[in-house]
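What follows is a single structure, written as structure tokens, with notes after it.
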Amino acid sequence: MADGSTPTQVREVERKYTIPKGQALPPVTDLPGARAEPVELARLVARYFDTPDLRLLRLGMTLRRREGGPDEGWHLKVPDGGARTEVRLPLDAGGAAHPPEGLTRLLRAVVRGRPLLEVAQIATERRRHGFLDGEGRDVAEVVEDRVRATVDGQTGELRWREIEVEDHTDDGGLAGTIDERLTAAGILPAQSPSKLHHALATAGRPVEPETSDGGHPLRRYLREELANLVLADVGVRLEAHESVHSMRKAARRLRSALQSYGPVLDAAERAAPLVEDLRWLGRRLSEARDVEVQHERALTRIADSPVPHREAVQARLEEFFTQRGATARTLMLETLDSARHVELLDAMEALVGELDARDARDELDARDGLDGAAPATPARRPAKRRPADLTPRAVARTLRKQARKIDTRVAKVREAASPEERDEAVHRVRKAAKRLRYAIETASPLFPKKAKRALTAFDDLQDMLGEFQDATVARAHLLEASADQGHSAESSFALGIAYQREVEIAEAQVAELRPMWKGARRRARPLWS
Numbered sequence: 015m016a017d018g019s020t021p022t023q024v025r026e027v028e029r030k031y032t033i034p035k036g037q038a039l040p041p042v043t044d045l046p047g048a049r050a051e052p053v054e055l056a057r058l059v060a061r062y063f064d065t066p067d068l069r070l071l072r073l074g075m076t077l078r079r080r081e082g083g084p085d086e087g088w089h090l091k092v093p094d095g096g097a098r099t100e101v102r103l104p105l106d107a108g109g110a111a112h113p114p115e116g117l118t119r120l121l122r123a124v125v126r127g128r129p130l131l132e133v134a135q136i137a138t139e140r141r142r143h144g145f146l147d148g149e150g151r152d153v154a155e156v157v158e159d160r161v162r163a164t165v166d167g168q169t170g171e172l173r174w175r176e177i178e179v180e181d182h183t184d185d186g187g188l189a190g191t192i193d194e195r196l197t198a199a200g201i202l203p204a205q206s207p208s209k210l211h212h213a214l215a216t217a218g219r220p221v222e223p224e225t226s227d228g229g230h231p232l233r234r235y236l237r238e239e240l241a242n243l244v245l246a247d248v249g250v251r252l253e254a255h256e257s258v259h260s261m262r263k264a265a266r267r268l269r270s271a272l273q274s275y276g277p278v279l280d281a282a283e284r285a286a287p288l289v290e291d292l293r294w295l296g297r298r299l300s301e302a303r304d305v306e307v308q309h310e311r312a313l314t315r316i317a318d319s320p321v322p323h324r325e326a327v328q329a330r331l332e333e334f335f336t337q338r339g340a341t342a343r344t345l346m347l348e349t350l351d352s353a354r355h356v357e358l359l360d361a362m363e364a365l366v367g368e369l370d371a372r373d374a375r376d377e378l379d380a381r382d383g384l385d386g387a388a389p390a391t392p393a394r395r396p397a398k399r400r401p402a403d404l405t406p407r408a409v410a411r412t413l414r415k416q417a418r419k420i421d422t423r424v425a426k427v428r429e430a431a432s433p434e435e436r437d438e439a440v441h442r443v444r445k446a447a448k449r450l451r452y453a454i455e456t457a458s459p460l461f462p463k464k465a466k467r468a469l470t471a472f473d474d475l476q477d478m479l480g481e482f483q484d485a486t487v488a489r490a491h492l493l494e495a496s497a498d499q500g501h502s503a504e505s506s507f508a509l510g511i512a513y514q515r516e517v518e519i520a521e522a523q524v525a526e527l528r529p530m531w532k533g534a535r536r537r538a539r540p541l542w543s
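In terms of our numbering, the sequence shown has 534 at position 520, counting the first letter as 1, and numbering is strictly consecutive.
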């Protein structure tokens, strides 16, 4: 890194509450199974940074430089399920007005060349109540904050009080107890997820998250999955658990939505290069994901097999997958840092913006027509009017066509002349079934109950097809590992046993394919019949 510092990561699970004016904090020091530490006082001064259009905040992220307190420094907070991961660097890692490269490099997919500017200054007078268990371990904390904020471009100072509760236990029971006491006293959960959100909203600059529910089904789906893709990019750079899988899944969903519904919106030509770029991205990430899955799978397979020299075989597999993993990660990071990846994200964002603008124009035309005024854009005959989003009729037509394609591909599995041809046919069924599943998922707001029933059946089908694919990939890895000259006859024998087990697993999945597809098709048919 340019600054020579290595970030540390801390996972936070916290609840925030807004304290009404004049409200006192109820007693919280007598928690069951915990003893309170002496109250600690601190003054915290933070400067928050974001792009001019608040891209970080719209994705649920914050970047700040905070002075004061035991953890002062540069902090990047990233959503992590129901929690957040805080990535930290010391104060001297960057200049006072220049975020450190150790954090900005994590944000390349978010920022994409845009400047990071100071957007707010927030000062906090904090009273911290810490709690320890019987063995002296930190189990919870409650902090009472008196906050003063200044938003760039605004005059005047904003003031409010809030409470943050962090539970460091596994079951979260202490946080539940504290929540009961706070709500009983009239202190309710905060409407804003962060101090910066609250400050901007109060100053008249509310921030809508990228994953908000506004908009029509396809645009909402594209917007949400694009946000998921960008957040997963950050996770991959942080080596977060399942982040590679999340990124590939978001890319597949985007690709499927464009393939399925691009023609419906008269956007097929615009979508075609995006589909190809999303396919390229998925392929460049595939080896890293395969190594993640197959590493654990191979070790488990050997552990469960009655083979000699088990430990030696597992050690060789560790070496094999570690080397493959390092190579795959290098390729993956080169991909994420490439111009093509950035251009893909920009183009996806532009397409969603274009669909939003089309809808706005159509609404304006309709409003002008009701008012008797001349339309804002030249009138178009309804028959040739491009839809702003999905319609039930167009969705039904798309789903019916895709289901028939799967019918054909399932039949070809039975007609295959060789095991290799059969495996390829199953793989083609898997890809088509995924596309249909995602097409249903995209359009689900149009018919939520029917879609929910169908998606439940498709989950089971995809699990079965995924297990077939994992067994197929596992066989390829085991063959490659067995070709390593460092293997003894005993270890090669063990790999052969594991290989045969994967053959059996794959065969079992193929036997289930036809009945499972028939069941999924039956559950999904009301969507297009």
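Cβ atoms here follow ideal geometry from the backbone N, Cα and C, with glycine treated the same way.
- For K426, the uninterrupted alpha helix (DSSP H) segment begins and ends at P406 to E429.
- V244 places its beta carbon less than 7 Å from that of A123.
- Of the candidates G276, E494, A60 and L479, A60 places its Cα closest to the Cα of D85.
- Distance from the CA atom of R414 to the CA atom of A254, rounded to whole angstroms, is 38 Å.
- One alpha carbon belongs to R266, the other to Y235, and they sit about 12 Å apart.
- Looking at the DSSP output, T138 shares a beta bridge with L58 and V161.
- In the displayed model, G109 falls within a strand according to three-state DSSP.
- Shown here, A217 sits in coil according to DSSP, grouped into three states, outside any helix or strand.
- In the three-state reduction of the DSSP assignment, W542 falls in the coil class.
- Less than 7 Å separates the beta-carbon of F145 from that of A154.
- The DSSP-derived three-state label of I177 is strand.
- Under the 10 Å beta carbon count, P34 is surrounded by fewer than 16 other beta carbons and is classified as exposed.
- According to the DSSP assignment, V124 belongs to the alpha helix (DSSP H) that extends over R122 to V125.
- Between the alpha carbons of A497 and A439 lies a gap of roughly 27 Å.
- With fewer than 16 other Cβ atoms inside 10 Å of its own Cβ, P322 counts as exposed.
- By the CB criterion at 7 Å, E178 and V157 fall inside the cutoff.
- At the C-beta level, E100 and V24 come within 7 Å of one another.
- The alpha-carbon of V27 is positioned some 44 Å away from that of I511.
- If you draw a straight line from the Cα of R79 to the Cα of S19, it is about 15 Å long.
- Around the Cβ of H112, a 10 Å sphere holds fewer than 16 other Cβ atoms; the residue is exposed.
- A Cβ-Cβ distance of about 4 Å is found for the pair A342 and E301, placing them in contact under the 8 Å criterion.
- Per the Cβ contact rule, the stretch 283-292 is in contact with the stretch 361-374 (3 or more Cβ pairs under 8 Å).
- According to DSSP, H89 shares a beta bridge with R78 and R102.
- Here V321 carries a coil assignment [DSSP, helix/strand/coil].
- Under the criterion of beta carbons closer than 8 Å, D64 and L77 qualify as touching, at roughly 7 Å.
- In this structure, the beta-carbon distance from A471 to I454 does not fall below 7 Å.
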